[in-house]
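Worksheet: one structure, shown below.
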Amino acid sequence: MKSRIGVLTGGGDCAGLSPAIKWVVKTALDEQLQWDRGTQYQVIGIRDGWRGLIRAEPGSPDIPGYIVPLDQEKVRTWDRYGGTFLGTSRTNPYDPKNDQSKIVLDNIEKLGLEALVAIGGDDTLGVAYKLAQEGVNVVGIPKTVDKDILGTDYTLGFETALSVITEEIDRLRTTAGSHKRIFVVETMGRNAGWLALKSGESSGAFIILIPEYDFSIEKVNELVMEGKRAGSRYEIIVVAEGAKSEGYSEFTKDKHIDGFGHKTLGGIAEFLSGEISRTLGLESRSIVLSYLQRGGTPCAYDRRMARYFGIAAIDLVVKKDFGKMVSYKNGRVTAVPLEEAIGKLNLVDVETEYDIERYNGRRTIL
Ligand code: F6P
């Protein structure tokens, strides 16, 4: 009798999800390892995150749409692709307005899942933690371009997103230089500034604005004028979607709040670019990189980390060490209790990571 493992991806997609699924499957089904462990596994993919586990009631006609048997042949090429071959959703089974957690628990039992691997960010892992409290054998794999999950130094998708932003900024530089323009580039990241800060560093941005430190528009203008006086033809300003100027709250695109209580952020780049043009009389443009940051082929680092995280997740399943998230800490792949990863966010430590004088990365490292 084979022991059945389910795997799903939840929350916003990013590069690294499909490779992680591949390595979960490959490790669980590795013939030599099955022999050594004395346990045989089978793996089923659950489509569309937690929504899949709500809809996948055995016997229902929806089943083929939400459950997909996975084998080594099927996942063979998945590490080369972005997005998630299993699909994803932002469905929260514990949404206080529509609590469907009982259905999820029933379906996990009816599907005979002896273990569940949940690949996701803070929200997905929060659901995983609640399910673990209710007795489900769950392990988590951290992913998000925001890199805001506690208990791990890396979350899948982050490095690919940084490469995308860096490449796009390289492109912007040529047009910015031709036209003598200031470009304000808005990155994702929600309330965490990692994506803006690290992409700003890798692309050599002149100014980087992050949610962890409220900026002054006057100071931004002063810095831009300083650059101008020093002979600069153009500047690149990277601003995180969650960044705020002093006295303002964050910009939101609309009034929508998702099942996990998140607002849709966006609009700060346009606002700031307008302020720069208005006050300094310089030509300024804004660009929102938006979903491009989550797309594309996983970079080598994401493929490697997805591999290690996928393998480690199955190591936890084999050891029956449930209720944990695999993590990368101090240069080692390890695991932490899910409880340590959720609830609070991993934000940029302004004191050690940010230069509040130049609105940029640190100028001294040692
Ligand atoms: O959490 C990842 C993320 O890309 C955030 O950076 C962004 O604010 C949000 O998701 C966008 O959400 P959605 O995919 O629901 O539009």
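Just so it is clear: in the sequence shown, position 20 is 20 by the working numbering, and no numbers are missing.
For every residue, glycine included, the Cβ atom is placed at its ideal position computed from N, Cα and C.
Burial state of Glu246 (16 or more Cβ within 10 Å): Translated into the one-based positions of the sequence shown, residue 246 becomes position 246. It counts as exposed.
Span of the alpha helix (DSSP H) holding Ala132? Taking the first residue of the sequence shown as position 1, residue 132 is located at position 132. For Ala132, the enclosing alpha helix (DSSP H) stretches over residues 122-133.
Taking only the alpha-carbon atoms, compute the straight-line gap between Leu53 and Leu338 and give it to the nearest angstrom. Residue 53 sits at position 53 when you count from the first residue of the sequence shown. Residue 338 sits at position 338 when you count from the first residue of the sequence shown. Whole-angstrom Cα-Cα distance: 20 Å.
Given 8 Å, three or more beta-carbon pairs between the stretch 169-186 and the stretch 147-159: no
Contact check, Thr144 vs Gly121 under 8 Å by CB: the rounded distance? Counting from one through the sequence shown, the residue named residue 144 turns up at place 144. Counting from one through the sequence shown, the residue named residue 121 turns up at place 121. Indeed they touch by this definition, with Cβ atoms about 4 Å apart.
Assuming Phe309 and Ala20 are in contact, meaning their beta carbons sit under 8 Å apart, how far apart are those beta carbons, in whole angstroms? Taking the first residue of the sequence shown as 1, we reach residue 309 at position 309. Taking the first residue of the sequence shown as 1, we reach residue 20 at position 20. About 6 Å separates the beta carbons of Phe309 and Ala20, which is inside the 8 Å limit, making them a contact pair.
Check whether the Cβ of Gly121 sits closer than 8 Å to any heavy atom of the ligand F6P, and report yes or no. Mapped onto the sequence shown, residue 121 falls at position 121. Gly121 Cβ: within cutoff of the ligand F6P.
Under 9 Å, do Asp79 and Lys22 count as touching if we go by C-beta distance? Position 79 of the sequence shown, counted from the first residue, corresponds to residue 79. Position 22 of the sequence shown, counted from the first residue, corresponds to residue 22. In this structure, Lys22 lies closer than 9 Å to Asp79 by Cβ.
Hey, Pro69 and Ile44 are a contact pair by Cβ (cut 8 Å); roughly how many whole angstroms apart? The residue labelled residue 69 in the question sits at position 69 within the sequence shown. The residue labelled residue 44 in the question sits at position 44 within the sequence shown. Contact flag correct, Cβ pair sits at about 6 Å.
To the nearest angstrom, how far is it from the Cα of Arg47 to the Cα of Arg190? What you label residue 47 is simply residue 47 of the sequence shown in a count that begins at 1. What you label residue 190 is simply residue 190 of the sequence shown in a count that begins at 1. Cα to Cα, the separation comes out at about 25 Å.
Spatial neighbours of Gln34 within its chain, please: CB distance less than 6 Å, with the 5 preceding and 5 following residues excluded, ordered by chain position. Position 34 of the sequence shown, counted from the start, is the residue given in the question as residue 34. Taken in chain order, the residues that qualify are Gln40.
Since Ile46 is in the alpha helix (DSSP H), which residue starts that stretch and which ends it? Within the sequence shown, the letter at position 46 stands for residue 46. Not the alpha helix (DSSP H): Ile46 falls in the beta strand (DSSP E), residues 41-46.
Confirm the yes/no value for this check: CB of His179, any heavy atom of the ligand F6P, distance under 8 Å. Counting from one through the sequence shown, the residue named residue 179 turns up at place 179. Not under cutoff, so the answer is no.
What residue ranges within the stretch 186-231 form continuous beta strand (DSSP E) runs of no fewer than 3 residues, ordered along the chain? For the stretch 186-231, the full-length beta strand (DSSP E) segments reaching 3 residues or more read 207-209 along the chain.
Buried or exposed by the 16-neighbour rule on C-beta atoms within 10 Å, applied to Pro93: Within the sequence shown, residue 93 is the residue found at index 93, counting from 1. Burial call: buried.
If you compare alpha carbons, which of Leu265, Ile67, Ile5 is closest to Val239? In the sequence shown, residue 239 corresponds to position 239, counting from 1. Closest option to Val239, Cα to Cα, is Leu265.
For Ile342, name the three-state secondary structure that DSSP assigns. The residue you call residue 342 lines up with position 342 of the sequence shown. Here Ile342 sits in coil by DSSP.
Quick test of the definition: if touching needs 3 or more C-beta pairs under 8 Å, does the stretch 181-201 touch the stretch 271-290? yes
Spell out the partners DSSP gives Lys324 in its beta bridges. Taking the first residue of the sequence shown as position 1, residue 324 is located at position 324. BP columns for Lys324 point to Val139, Pro337.
Is it buried or exposed for Thr352, if we count other Cβ within 10 angstroms and need 16 for buried? Looking up residue 352 in the sequence shown gives position 352. Classification of Thr352: exposed, given that the 10 Å Cβ count is below 16.
Endpoints, the alpha helix (DSSP H) within which Arg37 is located: In the sequence shown, counting from the first residue as 1, residue 37 sits at position 37. Where Arg37 is concerned, the enclosing alpha helix (DSSP H) stretches over 31-37.
For Lys244, which of helix, strand or coil comes out of DSSP? On the sequence shown, residue 244 is found 244 positions in, with the first residue counted as 1. In this structure, Lys244 counts as coil in the three-state DSSP scheme.
Are there any heavy atoms of the ligand GDP lying less than 8 Å away from the beta-carbon of Thr144, as far as the coordinates show? The model on display carries the ligand F6P but not the ligand GDP.
Counted within 10 angstroms of its Cβ, other Cβ atoms place Lys344 as buried (16 or more) or exposed: For the purposes of this step, residue 344 is taken as the residue at position 344 of the sequence shown. So Lys344 counts as exposed.
Among His262, Ile236, Pro298, Ser232, whose alpha-carbon lies nearest the alpha-carbon of Ala269? As a first step, residue 269 is located in the sequence shown; it is residue number 269 there, counting from the start. Of His262, Ile236, Pro298, Ser232, the residue nearest in Cα terms is Ile236.
Distance cut-off 8 Å: Asp258 Cβ against heavy atoms of the ligand F6P: Sequence index remark: in the sequence shown, residue 258 carries index 258 (1-based). The answer is yes for Asp258.
Contacts around Leu29, its chain only, beta-carbon distance under 7 Å, and the 5 residues preceding and following it disregarded: The residue labelled residue 29 in the question sits at position 29 within the sequence shown. Closer than 7 Å at Cβ, skipping near neighbours: Tyr41, Val43, Asp71, Gln72.
Decide if Leu366 is buried, meaning its Cβ has at least 16 other Cβ atoms within 10 Å, or exposed. As a working note, residue 366 is residue 366 in the sequence shown. Exposed.
Near Gly12, what residues of its chain come up, given a Cβ to Cβ distance below 8 Å and the 5 sequence neighbours on each side ignored? To locate residue 12, count along the sequence shown from 1; it is residue 12. Contacts found: Thr88, Arg90, Gly121, Thr144, Val145, Arg294.
One or two residues paired with Gly6 in a DSSP bridge: The sequence position of residue 6 within the sequence shown is 6, counting from 1. The partner list for Gly6 (beta bridge, DSSP) reads Ile44, Leu116.
Member of Arg51, Met1, Ala15, Val75 whose CA lies at the smallest distance from the CA of Thr27: Along the sequence shown, one-based indexing puts residue 27 at 27. Considering only alpha carbons, the answer is Val75.
So what's Thr152 in DSSP terms, helix, strand or just coil? As a first step, residue 152 must be located in the sequence shown, where it is residue number 152. Coil, per DSSP.
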